[in-house]
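Take a look at the structure below.
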Amino acid sequence: MSKISIPLGPQHPGLKEPINFGLVLEGEQIDKATVNLGYNHRGVEKAAEERTYIQDIYLIERVCGICSHSHVTCYITCVEEIAKAEIPERAKAIRVLVGELERIHSHLLWLGIAAYEIGFDTLFMYVWRDREHVLDCLELVGGNRVHYSINTLGGVRRDITPEIKAELLKRIDILEARTKYYTTLATEETTVLVRTQNVGMLPRDLAIKLGACGPTARASGVARDVRKDEPYLIYDKLDFKLITHDTCDVFGRVVVRVLETVESCKIIRQVLNYLPEGPISIKVPWKIPAGEAVNRYEAPRGEDIHYVKGNGTDKPERVKVRAPTLANYHAVPHMLEGGWLADVPLVIAAIDPCMSCSDRALITDRAAATSAVWSWEQMRRNGIEFYKRRGVDFSKVTLK
Amino acid sequence: MFEALRQLFKQPATSAYPFSKAKLQPKFRGRIDFESAKCIGCKMCVRVCPAKALEIVLSADQPAAPAASAGDTMQHGVPVQSQAPAPAKKKFDCVMHLDRCVYCAQCVEVCPKKALISTDDFELAQLDRKVLRRHYK
């Protein structure tokens, strides 16, 4: 049979974000797959160098809409490490609390999308309705449903009052009961089983070799979780299980995420009962001394790494973000190969990708074998030239 | 099956917006409001704003300087003030670009005089971009 190669994307049925997959098909079976990134580069790292540490909190928060707290916590711990600021225990507990609420929100969102890709729309509706509870919890704690902005230099911005605690405990009970129902549904419902078992296989050794992280790696039996391996904030004081599964397929990824949601509910209850008395933040000067720091954080999608370099001013010299999705991309072509075309959206969605989080730019000159970093103005000029070549009219635009 | 039947007798989870509006949690971060009387023009809010959405400008009509006080004495026909005159408190306006604002409320937090307030107002969609430039006096 002759082989057909088809491009899937940048507009594709997997998710709403742009990415391109080159698929070589043999009939309906995928023979070879390649991944092509870079449709959504926003210049976040460069923009971070132009702003102060305080402004960067809100910029870094917008690297990702779903794991906004993860990125900020990872960035802010780097800054606090450079400034040698030890934040109060209560602030650490509140950061963990919001982090776990975010994990529930992210995993439930993913479960809804997975159900939608499976074609089980009833489950999608149920999950997203129940997700409203956790969004309300986040609004109650932080003041907004998506960008909670709870972090600040030296601690957190808002305290947990006894009323908030009571409301959170009430909602967590509802969420836990619902999630347990979804656990039985995901593991026993025939529709889910038939669509997910033996789909998007990623064997354990391959997951390690390709550097997969987060629930994708844990579903292939790799027991890796920053919260356990290198406990940050107050995770060393909490009792929770590291969830792994050994089926190495999409079914495993569903099970890992659903069970992790139940664990997160447990963590939230522990944190609320632990909450030590004391201040919620300390004063940190706006000018951060020269120095550099790297930190890891277990975001809902996997291991998030931030690097910050300070030069003694109120602006960072360099901020580098390694979003978890970038680590998981390499595994996707291997998951797709040997599978069926109809399963492609589900397999792509199964790593819980976040395309715009992972797009970075480095200008390389292959002939001269050099690489260079552009300034903000150079990047802007290049962007304008690119759109001019595509016929966009810039005559009415005034550039500052 | 049991679950489907159970859901059949439940109220709809969605609300009929705009007839019934969402119940906001306390401390919701909505549109930022400005009280000119409290502002001292330190521009801390402008410094911290990540979206460059704020401008603090001098008001067009400034309050008049206070008149010489009754305690002043006259020496050789020239009034001598017993103490330095209190300078007229300058009045400031706030120009808010709602199309740039990210509603992080960092300006509210940093304001030393609490001249900026976070409100519950979230229905800010407009067809005309110019309307989103609000001039608070």
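Residue numbers (the numbering used here), protein chains in the order written: chain F, 1 to 400; chain A, 1001 to 1137. Note that beta-carbon positions come from the ideal geometry of N, C-alpha and C, so glycine has one too.
Give me the residue from the options with the minimum Cα distance to residue i.
{"i": "F:LYS241", "options": "F:ASP229, F:THR247, F:CYS248", "result": "F:ASP229"}
{"i": "F:PRO324", "options": "F:ALA290, F:PRO88, F:CYS354", "result": "F:CYS354"}
{"i": "A:VAL1108", "options": "A:MET1044, A:LYS1130, A:HIS1097, A:THR1014", "result": "A:MET1044"}
{"i": "F:CYS64", "options": "F:ALA93, F:VAL35, F:GLU102", "result": "F:GLU102"}
{"i": "F:ILE288", "options": "F:ARG171, F:ILE54, F:LEU15", "result": "F:ILE54"}
{"i": "F:LYS180", "options": "F:ILE160, F:VAL194, F:LEU108", "result": "F:LEU108"}
{"i": "F:ILE351", "options": "F:ARG322, F:SER395, F:GLY302", "result": "F:GLY302"}
{"i": "F:ASP249", "options": "F:GLU100, F:LYS309, F:HIS334", "result": "F:HIS334"}
{"i": "A:TYR1103", "options": "A:LYS1091, A:PHE1028, A:LEU1058, A:GLU1035", "result": "A:PHE1028"}
{"i": "F:THR244", "options": "F:PHE251, F:ILE268, F:ALA219", "result": "F:ALA219"}
{"i": "A:SER1118", "options": "A:GLN1126, A:GLN1106, A:LEU1127", "result": "A:GLN1106"}
{"i": "A:GLU1035", "options": "A:LEU1132, A:LYS1130, A:PHE1092", "result": "A:PHE1092"}
{"i": "F:ASN144", "options": "A:VAL1046, A:LEU1058, A:ASP1120", "result": "A:ASP1120"}
{"i": "F:THR247", "options": "F:GLU49, F:ASP239, F:ALA217, F:PRO300", "result": "F:ALA217"}
{"i": "F:VAL98", "options": "F:GLU292, F:ILE348, F:GLU337, F:ARG157", "result": "F:ARG157"}
{"i": "F:GLY142", "options": "F:TYR126, F:ARG129, F:ILE164, F:VAL127", "result": "F:ILE164"}
{"i": "F:VAL294", "options": "F:PRO300, F:ARG322, F:TRP286", "result": "F:ARG322"}
{"i": "F:ASN198", "options": "F:ALA367, F:ARG381, F:GLU337, F:ALA368", "result": "F:GLU337"}
{"i": "F:GLY252", "options": "F:PRO203, F:PHE394, F:ASP159", "result": "F:PRO203"}
{"i": "A:LYS1089", "options": "A:PRO1018, A:LYS1023, A:CYS1042, A:ALA1013", "result": "A:CYS1042"}
{"i": "F:GLU17", "options": "F:ALA349, F:TRP128, F:GLU176, F:SER371", "result": "F:ALA349"}
{"i": "F:ALA290", "options": "F:VAL72, F:ALA83, F:SER371, F:ALA48", "result": "F:ALA83"}
{"i": "F:SER356", "options": "F:ASP173, F:ALA177, F:ARG42", "result": "F:ARG42"}
{"i": "F:GLY310", "options": "F:PRO345, F:ILE66, F:GLU292, F:ALA367", "result": "F:GLU292"}
What does DSSP give as the partner residue(s) for residue i in the beta ladder?
{"i": "A:LEU1116", "result": "A:PHE1034"}
{"i": "F:GLU7", "result": "A small correction: the amino acid at residue 7 of chain F is Pro; Glu does not occupy that position in the sequence shown. F:GLY22, per the DSSP bridge assignment."}
{"i": "A:PHE1092", "result": "A:LEU1058"}
{"i": "F:THR34", "result": "F:GLY22"}
{"i": "F:THR152", "result": "F:GLY155"}
{"i": "F:ARG257", "result": "Paired residue(s): none; F:ARG257 is not in a bridge."}
{"i": "F:ALA293", "result": "F:VAL308"}
{"i": "F:HIS133", "result": "None, per the DSSP bridge assignment."}
{"i": "F:GLN29", "result": "F:GLU26, F:TRP340"}
{"i": "A:LYS1135", "result": "Strictly speaking, residue 1135 of chain A in this sequence is His, with Lys absent from that position. The partner list for A:HIS1135 (beta bridge, DSSP) reads A:VAL1095."}
{"i": "F:SER2", "result": "According to DSSP, F:SER2 bridges with nothing at all."}
{"i": "F:SER281", "result": "F:GLY155"}
With a cut-off of 8 Å on the beta carbons, I'd call residue i and residue j a contact; round off their distance for me.
{"i": "A:ALA1060", "j": "A:CYS1101", "result": "Contact doesn't hold; Cβ gap of about 23 Å is too wide."}
{"i": "F:VAL222", "j": "F:ARG296", "result": "F:VAL222 to F:ARG296, Cβ: 16 Å. No contact."}
{"i": "F:LEU341", "j": "F:GLU132", "result": "The Cβ separation is near 35 Å, so there is no contact."}
{"i": "F:LEU233", "j": "F:VAL96", "result": "5 Å"}
{"i": "F:ASP343", "j": "F:GLY200", "result": "7 Å"}
{"i": "F:TRP110", "j": "F:ARG224", "result": "About 19 Å separates the two Cβ atoms, so there is no contact after all."}
{"i": "F:PRO276", "j": "F:GLU80", "result": "Contact flag wrong, Cβ pair sits at about 18 Å."}
{"i": "F:SER68", "j": "F:HIS147", "result": "5 Å"}
{"i": "F:GLU45", "j": "F:LYS320", "result": "6 Å"}
{"i": "F:THR196", "j": "F:VAL254", "result": "6 Å"}
{"i": "F:LEU272", "j": "F:LEU168", "result": "6 Å"}
{"i": "A:ARG1129", "j": "A:ASP1099", "result": "6 Å"}
{"i": "A:LEU1141", "j": "A:VAL1046", "result": "This structure leaves residue 1141 of chain A out entirely; chain A is present only between 1001 and 1137."}
{"i": "F:GLU100", "j": "F:ILE268", "result": "5 Å"}
{"i": "F:THR52", "j": "F:TRP286", "result": "7 Å"}
{"i": "A:LEU1127", "j": "A:HIS1097", "result": "Contact doesn't hold; Cβ gap of about 17 Å is too wide."}
Say yes only if the C-beta of residue i is nearer than 6 Å to one or more non-hydrogen atoms of the ligand ZN, and no if none qualify.
{"i": "F:GLY339", "result": "For the structure depicted, the ligand ZN is absent and the ligand set is empty, with no information on it obtainable."}
How would you list, in chain order, the residues of chain D whose beta-carbon sits under 9 Å from the beta-carbon of residue i?
{"i": "A:PHE1028", "result": "Among the protein chains of the structure shown, namely F and A, there is no chain D."}
field: Three-pair Cβ contact test at 8 Å for the stretch 122 to 131 of chain F versus the stretch 64 to 78 of chain F
entry: no
- prompt: Which parts of the stretch 69 to 129 of chain F are runs of the alpha helix (DSSP H), unbroken and 4 residues or longer, counting only runs that do not cross its ends?
  reply: 89 to 118
- request: Flag this pair as touching only if the stretch 99 to 116 of chain F and the stretch 17 to 37 of chain F have three or more C-beta atom pairs under 8 Å; answer yes or no.
  value: no
query: Is it a yes or a no for the stretch 145 to 165 of chain F touching the stretch 276 to 293 of chain F, going by three-plus beta-carbon pairs under 8 Å?
result: yes
query: Does the stretch 207 to 217 of chain F come close enough to the stretch 327 to 345 of chain F that 3 or more CB-CB pairs lie under 8 Å?
result: yes
- request: Return the chain-ordered ranges of every alpha helix (DSSP H) run that is complete within the stretch 296 to 384 of chain F and spans a minimum of 4 residues.
  value: 324 to 329, 331 to 336, 344 to 350, 355 to 358
Touching by the beta-carbon criterion (3+ pairs, under 8 Å), the stretch 137 to 144 of chain F and the stretch 179 to 186 of chain F: no
Inter-stretch contact (C-beta, 8 Å, three-pair minimum) for the stretch 303 to 316 of chain F and the stretch 4 to 16 of chain F: no
message: Using a Cβ distance threshold of 8 Å, determine whether the stretch 357 to 364 of chain F contacts the stretch 33 to 49 of chain F, with at least three qualifying pairs required.
response: yes
message: Does the structure place the stretch 55 to 69 of chain F close enough to the stretch 259 to 272 of chain F that three or more beta carbon pairs sit under 8 Å?
response: no
message: To test your reading of the DSSP string, which unbroken beta strand (DSSP E) runs of 3 or more residues are found completely within the stretch 164 to 242 of chain F?
response: none
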